[in-house]
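Chemist: Residue numbers (full-length UniProt numbering), protein chains in the order written: chain A, 1 to 335; chain B, 1 to 335.
Ideal Cβ placement from N, Cα and C applies to all residues, glycine included.
So that we are looking at the same thing, I have put the structure below in structure tokens.
Number of protein chains: 2
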Amino acid sequence: MITIYDIAEKAGVSAMTVSRVINNTGRISEATRKRVKKVMEELHYIPNSMARSLVLQKTKILSLLITDIRNPFFTTLARGAEDAALRAGYRLLFANSDEDYAKEKGYVDMMLSTRVDGVLFAPTGDHSLENLLQLQKHNIPFVLLDREIPGIEADLVLGDSKEGARKLVEHLIELGHRRIAMINGTPDVSTARLRYSGYREAHLLSGLGVEDSLVIHRNFRDFQDESALDALIHHEQPPTAIFAANNMLAIGAIQALRKRGLQVPRDLSVVCFDDFGHTDVLNPFLTVASQPAYQFGALGMQLLIERIEGEAAQEHRKMILPSELLIRSSTQALV
Amino acid sequence: MITIYDIAEKAGVSAMTVSRVINNTGRISEATRKRVKKVMEELHYIPNSMARSLVLQKTKILSLLITDIRNPFFTTLARGAEDAALRAGYRLLFANSDEDYAKEKGYVDMMLSTRVDGVLFAPTGDHSLENLLQLQKHNIPFVLLDREIPGIEADLVLGDSKEGARKLVEHLIELGHRRIAMINGTPDVSTARLRYSGYREAHLLSGLGVEDSLVIHRNFRDFQDESALDALIHHEQPPTAIFAANNMLAIGAIQALRKRGLQVPRDLSVVCFDDFGHTDVLNPFLTVASQPAYQFGALGMQLLIERIEGEAAQEHRKMILPSELLIRSSTQALV
DNA sequence: AAAATAAGTGTTATCGATAACTCAAAATTA
DNA sequence: TAATTTTGAGTTATCGATAACACTTATTTT
């Protein structure tokens, strides 16, 4: 491996001079600068960022932790985060928890041992608290994405879960639906709680009661689990519409409905949070509350970098990005 | 930051003893081992992997370079690679080139300065040659994914582009189509060349001629570019079917068709390579040659790790994963 | 012209960990 | 019991880079 010492020797200077040329620090005569640069190119020198990090006590690596790499919401978010990080001269270490606390913990340990400069963190749920405290203990700045964690003060980028849910459910109510089921995430995730609360509010504002037997909880990425749907269609008074708390749960519901010979929207209307990235071009079908995924990532990364570089005010910032109701063909008026 | 010296001092031993406890090397009495471990836990010690990498000359970081993080083919592949890497005790540094040579080069520089132990590399095209030579020059092992590069000898994991394309086009021919267009990737990508060659072979085997004015080239991820489709529908003898060389190009084509009031498959049949991950559950619509994306990642990572750890034979291996023809509802017989 | 300052470069210590070597005490062997 | 081996540590050098300081020569200033 080529090091600054190899360069130094061949250029007839000290290692320190090479370091100065690389970093554009100190005073170097134009002649030696040129000479050193020429040798660096000849030997195809690439700085060893580990050695540099060790002495500088910073890595210029940021980490992005998402909960489901196969969810288009998160990949689009990742693109936003990536663009913002690269633009600011940071490398990005992706991590994917699969909504699994143990995997999340593994990645947090990795971040700590890598000594990343900061983390853009989409937590799996309230129990992520421990992992976040771990980061705090080691003074690693982070920004929370998409989900709030009770007990953690941090910069936040959130969607308008409650309002979005309310809009979706109100849309169903306007279409005449009265028995509206909800397939929700597990209640230890803040977005699940808020979306439920929006669901509830829509009912109450319209003078309807909430029937909790129509509210089912499942892991946000277990779209293969059809038991939620079974519980609903075998209900003694089955729903006429379903509100899925995210896109994956909607996919699961629709898949299960299809298997059972039920059609959307003929037999049931379906709405959900989040859309499907590029692929819903194929068949813009589901009525959704669409969140600005790219912005989640870009803005979150910006907040993180500001905090790392000390440009952020002391107090924590909470950004709420609005979602947009896109009415498509998975809903129809109740006949 | 807590270091082994802090541990050593508090435990009343030398730093070397701590290092031995951490790595389970050398001889340590059970008593001191316990004492050191206790102190490590008390102080929440996390090893600094940079310092370790510096002396060990290996990082235990592998990199996965994909060309489009928003393409479900690549995110599923990424899951496969991630699982295999973590299982073998490596960290994974994701990189996303967006089919852009300059971005790819930036990421390669990053990999070099991070001194990753190996790279799972989906190249943007034949011009990736330079970036790969750069890796070779610095003795970083890599495995090529999805695309072959003339001039590079390496382990390879490929799909059966030619056969897959032939099967798709033969399906169209069986349905009676005679004027079949192809929207292909740029010809400096091996899969584009092979898929064209399968397209050609299907025609010739059926005694049909190939009309190159029906073959259009576009960047594999520019699904927004509608000019390809315009060229086809304004052709003096327009096609009755379209073969898109990957899923993104198909999305672009269908979107453009829809905007122009044309319906699939009524007005044109459409087939493509790759499917759409979870999301095609929503509406299994496109007839595709489905590739085992997860296996691409898992198998590629396995080959890479074997090579790094010296378990691979000298000669390079070339794995070809078969694709599966899934006939759905985007194709119909020509009337 | 002497004193003060600036320019250009080199020396040494350091970041946190491990390899290679050393060494005393305990255990084993002859 | 003396010689040898094993056990359980410690010392020192090193990985590749940079910070802090030192030290010549120029160059300015008075």
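I'd like the span of the beta strand (DSSP E) that includes B:Lys318, first residue to last.
Modeler: Here the beta strand (DSSP E) through B:Lys318 covers Lys318 to Leu321.
Chemist: Roughly how many whole angstroms lie between the Cα atoms of B:Arg328 and B:Leu205?
Modeler: Rounded to the nearest angstrom, the two C-alpha atoms are 24 Å apart.
Chemist: Mind pulling the chain B residues with CB within less than 9 Å of A:Lys137?
Modeler: The contacting residues are His44.
Chemist: What is the DSSP secondary structure of A:Gly209, reduced to helix, strand or coil?
Modeler: Looking at A:Gly209 - three-state DSSP - the assignment turns out to be coil, as it is neither helix nor strand.
Chemist: In chain order, what residues of the same chain lie with their CB nearer than 6 Å to the CB of B:Arg166, ignoring the 5 residues before and after it?
Modeler: Only Gly198, Glu201 and Ala202 meet the Cβ criterion.
Chemist: So is A:Thr76 in contact with chain B if we call contact Cβ pairs under 8 Å?
Modeler: Closer than 8 Å to some Cβ of chain B, the Cβ of A:Thr76 qualifies, so yes.
Chemist: Assuming B:Arg218 contacts B:Asp212 (C-beta within less than 8 Å), just tell me the rounded distance between them.
Modeler: Wrong, their Cβ atoms sit about 15 Å apart, outside the cutoff.
Chemist: With 16 other CB atoms within 10 Å as the buried threshold, where does B:His177 fall?
Modeler: Answer is buried; the Cβ neighbour count reaches 16.
Chemist: When you compare only the Cα positions, how much space is there between B:Val288 and B:Leu325?
Modeler: Between B:Val288 and B:Leu325, the C-alpha separation is close to 6 Å.
Chemist: Out of B:Glu174, B:Val271, B:Phe74 and B:Phe285, point me to the one whose CA is closest to B:Gly164's CA.
Modeler: Of the candidates B:Glu174, B:Val271, B:Phe74 and B:Phe285, the one whose C-alpha sits nearest the C-alpha of B:Gly164 is B:Val271.
Chemist: Rounding to the nearest angstrom, what Cα-Cα distance links A:Ser161 and A:Arg147 in this structure?
Modeler: C-alpha separation (whole angstroms): 10 Å.
Chemist: Quick one: which chain B residues come within Cβ less than 8 Å of A:Ser113?
Modeler: Residues of chain B passing the Cβ test: Ile46, Pro47, Asn48 and Ser49.
Chemist: With a 10 Å radius around its C-beta and 16 neighbouring C-beta atoms as the bar for buried, classify B:Asp267 as buried or exposed.
Modeler: Result: exposed.
Chemist: Ignore the nearest five residues each way along the sequence and tell me which others in B:Ala192's own chain have a CB closer than 7 Å to its CB.
Modeler: If we look at B:Ala192 and ignore the five residues flanking it on each side, its Cβ neighbours are Asn184, Gly185, Thr186 and Ala245.
Chemist: Comparing C-alpha positions only, which one of A:Gln237, A:Gly277, A:His278 and A:Leu286 sits nearest to A:Ala253?
Modeler: Minimum Cα distance to A:Ala253 is reached at A:Leu286.
Chemist: Are any of the Cβ atoms in chain B nearer than 8 Å to that of A:Ser197?
Modeler: Not closer than 8 Å to any Cβ of chain B, the Cβ of A:Ser197 fails to qualify, so no.
Chemist: Measuring alpha carbon to alpha carbon, tell me which of B:Ala11, B:Val335, B:Thr3 and B:Phe121 ends up nearest B:Glu174.
Modeler: When each option's Cα is compared against that of B:Glu174, the closest is B:Val335.
Chemist: Would you kindly check if the distance between the Cβ of B:Gly12 and the Cβ of B:Val157 is under 8 Å?
Modeler: Cβ atoms of B:Val157 and B:Gly12: not closer than 8 Å.
Chemist: Is the CB-CB distance between B:Leu232 and B:Leu249 below 8 Å?
Modeler: No. Outside cutoff.
Chemist: Let me know the beta strand (DSSP E) ranges lying completely inside the region 72-152 of chain A, each 3 residues or longer, listed in chain order.
Modeler: 91-96, 118-121 and 142-145, all fully within the region 72-152 of chain A.
Chemist: Check the C-beta distance from A:Val116 over to A:Ile152 and give it rounded, since I have them as a contact under 8 Å.
Modeler: Contact flag wrong, Cβ pair sits at about 18 Å.
Chemist: Indicate whether A:Phe296 and A:Gly26 have their beta-carbon atoms separated by less than 8 Å.
Modeler: Taking 8 Å as the Cβ cut-off, A:Phe296 and A:Gly26 do not qualify as a contacting pair.
Chemist: Compare the C-beta of A:Phe296 against all C-beta atoms of chain B and say whether one is closer than 8 Å.
Modeler: Taking Cβ atoms only, chain B never reaches closer than 8 Å to A:Phe296, which makes this a no.
Chemist: Any C-beta of chain B sitting closer than 8 Å to the C-beta of A:Gly185?
Modeler: So, not an interface residue.
Chemist: Does the beta-carbon distance from A:Asp68 to A:Glu30 come in below 8 Å?
Modeler: No, the Cβ-Cβ distance between A:Asp68 and A:Glu30 is not below 8 Å.
Chemist: Using a Cβ-Cβ distance cut-off of 8 Å, determine whether A:Pro265 contacts chain B.
Modeler: Output row for A:Pro265: interface = no.
Chemist: Please state if the CB of B:Leu133 and the CB of B:Phe142 are separated by a distance shorter than 8 Å.
Modeler: No, the pair does not count as a contact, with Cβ atoms beyond the cut-off.
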